[in-house]
Amino acid sequence: MDCRAAVFRDIGKPLALERIVLDPPGPTEVMVRIAAIGLCRTDYHVMRGERRVAMTPMVLGHEAAGVVESVGNEVKGIATGDHVVLTFIPACGTCRWCRQGLHHLCAAGPRITRGPQLDGSYRRRDQHGADIGAFCMIGGFAERTVVDQASVIVIDKDVPLDLASLVACGVPAGVGAARYRARVKPGDSVLVVGCGGDGMNVVQGARLCGASKIIAADIVPAKLDWARAFGATDGVNARGEALTRAVHELTEGVGVDHAFVCIDPPETLLPAFRATAKAGNVVVTALTPDTVGEIKIPPLELFVTQKAIMGAVYGFASPRLQIPELLKLYRSGDLKLRELVTRTYRLDEINQGYADLEAGKNLRGVVVVFDS
Ligand SMILES: [Zn+2]
Ligand SMILES: [Zn+2]
Numbered sequence: 067m068d069c070r071a072a073v074f075r076d077i078g079k080p081l082a083l084e085r086i087v088l089d090p091p092g093p094t095e096v097m098v099r100i101a102a103i104g105l106c107r108t109d110y111h112v113m114r115g116e117r118r119v120a121m122t123p124m125v126l127g128h129e130a131a132g133v134v135e136s137v138g139n140e141v142k143g144i145a146t147g148d149h150v151v152l153t154f155i156p157a158c159g160t161c162r163w164c165r166q167g168l169h170h171l172c173a174a175g176p177r178i179t180r181g182p183q184l185d186g187s188y189r190r191r192d193q194h195g196a197d198i199g200a201f202c203m204i205g206g207f208a209e210r211t212v213v214d215q216a217s218v219i220v221i222d223k224d225v226p227l228d229l230a231s232l233v234a235c236g237v238p239a240g241v242g243a244a245r246y247r248a249r250v251k252p253g254d255s256v257l258v259v260g261c262g263g264d265g266m267n268v269v270q271g272a273r274l275c276g277a278s279k280i281i282a283a284d285i286v287p288a289k290l291d292w293a294r295a296f297g298a299t300d301g302v303n304a305r306g307e308a309l310t311r312a313v314h315e316l317t318e319g320v321g322v323d324h325a326f327v328c329i330d331p332p333e334t335l336l337p338a339f340r341a342t343a344k345a346g347n348v349v350v351t352a353l354t355p356d357t358v359g360e361i362k363i364p365p366l367e368l369f370v371t372q373k374a375i376m377g378a379v380y381g382f383a384s385p386r387l388q389i390p391e392l393l394k395l396y397r398s399g400d401l402k403l404r405e406l407v408t409r410t411y412r413l414d415e416i417n418q419g420y421a422d423l424e425a426g427k428n429l430r431g432v433v434v435v436f437d438s
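Numbering follows the working numbering, in which position 339 of the sequence shown is assigned residue number 405; successive positions increment by one, without gaps.
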C-alpha cells in the first residue's frame with residue numbers, strides 16, 4: 067500500500083515528505099498504523115551525519131506508538147486492534163542476552179542502523195522502486211510501518227497513544243538509568259547534566275528512587291525551571307570547571323553520589339566525573355557523534371578516586387520489563403508524561419519540530435499522525 071513518510075535522503079538536508087510503497091507484513095511481522103512519534107535527538111544526529119547509518123534513503127523515527135492493523139501468520143500474542151509501543155532494540159528472544167532477560171543488550175542491537183528488517187529484507191520502496199531502510203527496524207516517521215514482532219510491546223488501551231510514544235525511548239532511558247544502572251538509593255545525591263528528553267527523565271527517576279538532592283545542570287534557563295517541576299532540588303547554569311565548582315559548593319565539597327551525562331559527553335563527561343564523590347557513579351546516557359574517537363579522563367584520577375564510569379542504553383533494563391512498569395507509574399500519578407510534551411506537530415511539520423529541538427525550545431516534541 068501507499069503511505070506518507072518523512073524520508074532521510076541526504077546529510078544536512080530536511081527530511082523529505084514522500085509517498086512510499088509499504089509491503090504487507092511477513093510471517094513474523096505486524097503492520098502498525100502510527101498514532102504518535104517522539105522527536106528524539108538520536109534521529110537528529112543521523113540527519114546531521116553525526117550518527118552514521120548504512121544506507122539512504124531511510125525512514126527515521128524510533129519513538130512510536132500506534133494500533134496494529136494486520137499480523138503475519140506466525141505472530142504470537144499480538145492481534146489486530148492492539149495498542150502497541152515499538153522498541154528501538156528488537157528482542158530476538160534467542161541470543162544469550164535475551165535468554166537472560168537483558169533485551170537492551172540483544173545481539174541484533176548493532177543492526178538497527180543498517181536499514182533492513184530483522185529478517186534482512188526490505189518492506190519499503192520509493193516511487194522509483196528503490197529500497198528504503200527503516201531506522202531501528204521501526205521507521206516511525208510515517209503513517210504506517212511494518213515491524214517484526216520482536217519490536218512490539220502490547221499496552222493497555224487506557225493510555226493515550228501520544229503519551230505512550232514517550233515510553234518508547236526517552237522515559238525508560240532516563241528513569242532506568244537512575245533505577246537500574248546507578249541504582250540510586252533513598253538519601254543519595256544526584257547530578258543531571260543536560261535536562262532535555264533523557265535528562266528530565268533521569269530527574270524523575272532519581273525522585274522515584276528517593277534521592278534527597280537532585281542537581282539539574284543546563285545552559286538553557288527554562289530547562290532548569292522545568293527540572294524543578296520534575297523534582298530537581300537545585301539548578302546550575304554552568305558548564306566545564308564552573309559546573310564542577312558549583313556542584314562541590316552544593317555538596318559540602320564532597321561531590322554527588324551519582325552523575326548522569328545526558329548531553330554532549332565529549333564536553334560534559336570530565337566536569338561531571340570531577341563533580342562526583344569518591345567511589346561514586348558516572349552514567350553516560352547520551353550518544354556521542356561517531357566522528358568523535360575518544361574522551362580523555364586522567365587515569366590516575368580514575369584510579370585514586372575509585373569512581374565507576376558506565377554506559378546505559380534504554381535505561382539498562384529490558385523495555386519489555388520497563389514499559390509496562392512505567393505506564394503503571396503514570397497511572398498512579400508517580401510519573402509525569404503529559405508534562406514532558408512541549409508541543410505537538412503534524413507529520414508534515416516534522417522539520418519544524420527538529421528546528422525547535424535545535425533551538426532548545428522543546429523538552430519533547432511529538433508528531434501526532436492521527437488523533438487516537
Ligand atoms: Zn530516542
Ligand atoms: Zn536477542
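Cβ atoms here follow ideal geometry from the backbone N, Cα and C, with glycine treated the same way.
Listed in chain order, the non-local C-beta contacts of VAL250 below 8 Å within the same chain comprise ALA244, VAL256, GLY271, ALA272, CYS275, GLY276, ALA277, ASP323 and HIS324, local neighbours out to five positions each way being set aside. When DSSP states are grouped into helix, strand and coil, ASP228 belongs to the helix group. The bridge partners DSSP lists for TYR411 are VAL433. In terms of CA proximity to LYS362, THR334 leads the group THR334, LYS344 and VAL96. As DSSP reads the structure, VAL348 sits in a beta bridge with ALA325 and ILE375. Burial is judged here by how many other beta carbons sit within 10 angstroms of a residue's own beta carbon; ARG430 has at least 16 and is buried. Per the C-alpha coordinates, the member of ALA421, ALA130, ARG114 and ARG118 positioned closest to ILE103 is ALA130.
Short note on CYS235: C-beta not closer than 7 Å to any heavy atom of ligand 2.
Distances from the CB of THR160 to the heavy atoms of ligand 2 include at least one below 7 Å. Inter-residue distance for ASN303 and SER187 is about 48 Å (C-alpha atoms, whole angstroms). Counting of Cβ neighbours within 10 angstroms places PRO238 among the buried residues, the total reaching 16 or more.
By the neighbour-count criterion, in which a residue is buried when 16 or more other Cβ atoms sit within 10 angstroms of its Cβ, MET376 is exposed. Residue range 95-105 is occupied by the beta strand (DSSP E) that includes ILE100.
Taking a C-beta distance under 8 Å as the contact criterion, GLY132 and LEU227 qualify as a contact pair. Sorting SER136, VAL137, GLU405 and GLU318 by C-alpha distance to the C-alpha of GLY297 places GLU405 at the top.
Counting every other CB atom within 10 Å of its CB across the protein chains shown gives ASP264 a total of 16 or more, marking it as buried.
VAL218 has its alpha-carbon roughly 11 Å from the corresponding atom of LYS142.
A contact is defined here as three or more CB-CB pairs under 8 Å, and the stretch 188-196 fails this definition with respect to the stretch 403-423. Under the DSSP assignment, HIS169 falls outside any alpha helix (DSSP H); it carries neither an H nor an E label. The Cβ neighbour count for ARG177, taken over all protein chains shown within 10 Å, is at least 16; the residue is labelled buried.
Straight-line measurement puts the Cα of LEU81 at about 36 Å from the Cα of GLY167. Put simply, of GLU116, GLU135, VAL112 and PHE74 the residue whose alpha carbon is nearest the alpha carbon of MET67 is GLU135. Taking 8 Å as the cut-off, the Cβ atoms of LEU171 and VAL213 do not count as close.
DSSP, read as helix, strand or coil, puts PHE74 in strand. Proximity to LYS223 across LYS394, ASP400 and ARG412 peaks at LYS394, based on C-alpha coordinates. THR179 places its beta carbon less than 8 Å from that of ALA120.
For GLU84, the enclosing beta strand (DSSP E) has its first and last residue at 82-88. Distance between MET124 and GLU415, taken at the CA atoms: about 18 Å.
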